[in-house]
Amino acid sequence: MEVFEITKQNGRDCPFHGTQPDKIYIEINSESDIMSARQEAREVSKTLGFSMFNQSRIITLISELARNIFKYAGKGYIVIEIIKNQNGCLGLKIQAIDCGPGIMDVNQALRQGYSTSGSLGAGLPAVKRMADEFSIQTGKGKGTCVNITKWLN
1 MEVFEITKQN GRDCPFHGTQ PDKIYIEINS ESDIMSARQE AREVSKTLGF
51 SMFNQSRIIT LISELARNIF KYAGKGYIVI EIIKNQNGCL GLKIQAIDCG
101 PGIMDVNQAL RQGYSTSGSL GAGLPAVKRM ADEFSIQTGK GKGTCVNITK
151 WLN
């Protein structure tokens with residue numbers, strides 16, 4: 001995968017050592033940070049040439065992931081990276097990283113309607129459905145990292 005350079009960061013302390021100009025790091029620890037993440041998603045997806053429909057999907061994906069960070073872990077990061085596969089197709093790789101309590105049962109958390117907080121339980125299952133690629137790493141007390149990719153078709 002080839003990585004394109006993006007020289008934007010939100011100006012806050014970042015847990016990653018050194019600068020990585022090929023990625024956008026957005027700290028999530030407030031409602032306004034969720035809005036910032038949505039705005040970054042809008043700008044990057046529009047610049048890459050995603051359709052309005054897929055721009056909306058990308059904004060929704062990032063919004064759901066950022067909201068989960070804020071709601072369940074209190075703070076974390078959204079990382080947005082422009083990538084290119086071996087066939088030359090551009091895409092966005094999005095990571096949601098937190099150091100929260102982790103997800104106890106990933107299979108259950110991915111079931112439509114399951115929630116530990118009284119919500120509709122639609123967020124994470126929707127993220128999985130809307131993403132072209134999806135993976136999740138988590139463990140009790142170890143935090144969570146959700147990786148998704150959305151390809152420009």
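Using the UniProt record's numbering, read the sequence shown as starting at 1 and increasing by one per residue. Glycine included, C-beta positions come from ideal geometry on N, C-alpha and C. Being a predicted model, the structure only gives us computed values, none of them experimental.
Coil, strand or helix - residue i by DSSP
i: F134; result: strand
i: K140; result: coil
i: L90; result: strand
i: I97; result: strand
Cα-Cα separation between residue i and residue j, rounded to whole angstroms
i: N107; j: I24; result: 29 Å
i: C99; j: S51; result: 33 Å
i: E43; j: G74; result: 25 Å
i: Q55; j: R38; result: 10 Å
i: I78; j: I148; result: 11 Å
i: D33; j: L61; result: 15 Å
i: F70; j: E31; result: 8 Å
i: M35; j: Q86; result: 33 Å
Residues bridged to residue i [DSSP beta-bridge criterion]
i: Y25; result: V79
i: N147; result: Q95 and S135
Beta-carbon proximity check, residue i vs residue j, cutoff 8 Å
i: L152; j: G91; result: yes
i: G143; j: G102; result: yes
i: R57; j: K140; result: no
i: I80; j: I94; result: yes
Expected contact under 8 Å - CB spacing of residue i and residue j to nearest Å
i: A126; j: E64; result: 6 Å
i: A41; j: N68; result: Their Cβ separation, rounded to whole angstroms, is 15 Å, which puts A41 and N68 out of contact at 8 Å.
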